[in-house]
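Q:
In this note's numbering, the protein residues as written are 5 to 394.
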C-alpha cells in the first residue's frame, strides 16, 4: 500500500469513527453504498453527542474558567461567542449531513470514480494529502493536549464540557479535511488535462509543419479530436463536482469560515490581553499559553490550506483558457479537430468556473485580501474598546 492510499484510508475510517460519515465507499471500485452498521453507528454517535450536550447545558458551567482563571466581561463575551459558534456549527453539520446524505453520496461517487479512472491523481496529490494530514493531526493533537492540560487546573464538573468541545473540534476539522481532499483531487485533475491539452496543441503544431499524407493526416486529426473531446468531458465533470460541492458544503462552509473569521478577531484580542496583562495576572499556566499559540498556528494553517487549494483550482482553470488560446495559430486543420477546439473553448466561456460560498461570497484573491483587511480592522476596534472600557 502506498502512502497516499494509507492516508486516505485513515481519513475515511476516522470520519466513520467520529460519526461524521453516514455512508461508505470503496476506493478500488468507486462504489458508494450504505450499510445498516454504518447507518446505526452514525445515528448512535450523533445522538450521543446531542444528548450529552443537553445534559451538559442543564448544569451550571462557566466555560471561560477553562481558559482564564480571571477574566473581565469582554473576555467572557469573546470566548463565549467563539466557543458557542464552534459548537453550533459542529452540531449543525451533523444534522445537515443527514439532510444532504443523498447529495453527499452523489458527490462522493463522482469524485471516487474519477479517482479510480485516473489512479495517477493519487500520486500527484501525495504531498498535498500528506501536508493536510499533518496539519489536521497536529490541530487535533494540540487540541487534545489543551484539554488534558486544562483538566489539571479546573474542577471535574468541566470535564464533560471540555470533552464535548474536543469532539466538536474534531468534527469541524474532519469536515475541512474532506472538503480539502475533494478540491485537491479537482485541482490535480485540472493539472492533468492541462498537460494533455498542451500535448494536443504541440502535436497539432507538428502536424501543420509535417508533410501531409492524406490517410496519416486524417487519422492523426481524428485522434487529436478524440483527445480534445475527452478533455472537454473531464472538464465538464470537474465543473459539476465544484457545483455539487457548493450545494453540499455551502452552508457548512459559510459557518466554518465565518467561525474562522470571528475566532481570528477574538484570537487577536486575547493575544493582546495576554501581552497587556501577562498570563500570570490572568491566572494562566505557561504551558496553556504555549499550547494555545501552537494550536492557533496549525489551526489557521489548516484553514489556509483549504483556501489555497480553492484559489489554485481557479488558477488552473484560467491556465486552461490561456493554453486553449494558442489554438488561434492553427490554420488548415481537419474540420472535426477545429470543431473540437471550438467546442471546448465555448464550453469554458459559456460556463466559467466560479467557487462561491452559498452564492454570497466569491472565493477570489481580491475578496480574500479584502477579508483580511476587514479582519485587521475589526481586531483593532475590539482592542480599542478594551482600552477604553477595561
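Note that the Cβ used here is the ideal one computed from N, Cα and C, for glycine as well.
Taking the C-alpha atoms as reference points, what is the distance between residue 148 and residue 198?
A: Their backbone Cα atoms lie some 42 Å apart in a straight line.
Q: If we call anything under 7 Å between Cβ atoms a contact, is residue 60 one with residue 132?
A: Contact flag unset, no.
Q: Quick one: using the 10 Å Cβ neighbour count with 16 as the cut-off for buried, is residue 284 buried or exposed?
A: Result: exposed.
Q: Under 7 Å Cβ to Cβ from residue 276, same chain only, skipping five residues before and after it: list those, please.
A: Result list for residue 276: 387, in chain order.
Q: Since residue 365 sits in a beta bridge, which residues does DSSP pair it with?
A: Note: residue 365 sits in a beta bridge opposite 361.
Q: Quick one: Cα of residue 39 to Cα of residue 393, how far?
A: For residue 39 and residue 393, the distance between alpha carbons rounds to 57 Å.
Q: Output yes or no for whether 7 Å exceeds the beta carbon distance between residue 86 and residue 267.
A: For residue 86 and residue 267, yes; Cβs fall inside 7 Å.
Q: How long is the line joining the alpha carbons of residue 104 and residue 241, rounded to whole angstroms?
A: The alpha-carbon atoms of residue 104 and residue 241 are separated by roughly 20 Å.
Q: Going by the CB atoms, is the gap between residue 188 and residue 313 shorter than 7 Å?
A: The answer is yes: Cβ separation under 7 Å.
Q: In the DSSP assignment, the alpha helix (DSSP H) including residue 320 goes from what residue to what residue?
A: Note, residue 320: alpha helix (DSSP H), 290-328.
Q: In the DSSP assignment, what are the bridge partners of residue 28?
A: The partner list for residue 28 (beta bridge, DSSP) reads 37.
Q: Which residues in the same chain have their Cβ closer than 7 Å to the Cβ of residue 316, if we skip the five residues on either side of it in sequence?
A: Cβ neighbours of residue 316 beyond the five flanking positions: 191.
Q: Tell me the start and end of each unbroken alpha helix (DSSP H) in the region 91-170 that is at least 4 residues and wholly inside, in chain order.
A: Whole alpha helix (DSSP H) segments, 4+ residues: 105-121, 124-128, 130-155.
Q: Out of 176, 33, 346, 233, state which residue places its alpha-carbon closest to the alpha-carbon of residue 262.
A: Nearest of 176, 33, 346, 233 to residue 262, Cα basis: 176.
Q: When the Cα atoms are used, what is the spatial distance from residue 23 to residue 88?
A: Each residue's Cα considered, the two are about 21 Å apart.
Q: Tell me the rounded alpha-carbon separation between residue 375 and residue 383.
A: Those two C-alpha atoms are separated by around 12 Å.
Q: What residue range does the alpha helix (DSSP H) around residue 345 cover?
A: Unbroken alpha helix (DSSP H) run through residue 345: 339-354.
Q: Under three-state DSSP, which class holds residue 284?
A: Three-state result, residue 284: coil.
Q: Between which two residues does the alpha helix (DSSP H) harbouring residue 10 extend?
A: It spans 7-21 - the alpha helix (DSSP H) in which residue 10 sits, taken as one unbroken run.
Q: Short check: CB of residue 13 to CB of residue 178, under 7 Å?
A: Cβ distance not < 7 Å, so residue 13 and residue 178 don't count as in contact.
Q: Is the region 138-158 touching the region 41-54, taking contact as three or more C-beta pairs under 8 Å?
A: With the cut-off at 8 Å, the region 138-158 and the region 41-54 do not touch.
Q: Is the separation between the beta-carbon of residue 93 and that of residue 302 shorter than 7 Å?
A: Not closer than 7 Å, so no.
Q: What did DSSP end up calling residue 44 once you bin it into helix, strand or coil?
A: Looking at residue 44 - three-state DSSP - the assignment turns out to be helix.
Q: Kindly list the residues whose CB is nearer than 7 Å to the CB of residue 181, restricted to its own chain and excluding five residues on each side of it in sequence; keep chain order.
A: Hits under 7 Å: 15, 136, 140.
Q: Mark residue 225 as exposed unless 16 or more other C-beta atoms lie within 10 angstroms of its C-beta, in which case mark it buried.
A: Buried.
Q: Using 10 angstroms around the beta-carbon of residue 389, count the other beta-carbons present and answer buried if the total reaches 16, otherwise exposed.
A: With fewer than 16 other Cβ atoms within 10 Å, it is exposed.
Q: Would you check if there are 3 or more beta carbon pairs closer than 8 Å linking the region 285-296 to the region 152-163?
A: Yes: the two stretches touch, three or more of their Cβ pairs being nearer than 8 Å.
Q: Taking only the alpha-carbon atoms, compute the straight-line gap between residue 330 and residue 344 and give it to the nearest angstrom.
A: Near 14 Å, if we compare the C-alpha coordinates of residue 344 and residue 330.
Q: For residue 3, I'd like the list of residues in its chain whose CB is within less than 6 Å of its CB, leaving aside the five on either flank, ordered along the chain.
A: For residue 3 there is no data in the structure shown, the boundaries of the chain being 5 and 394.
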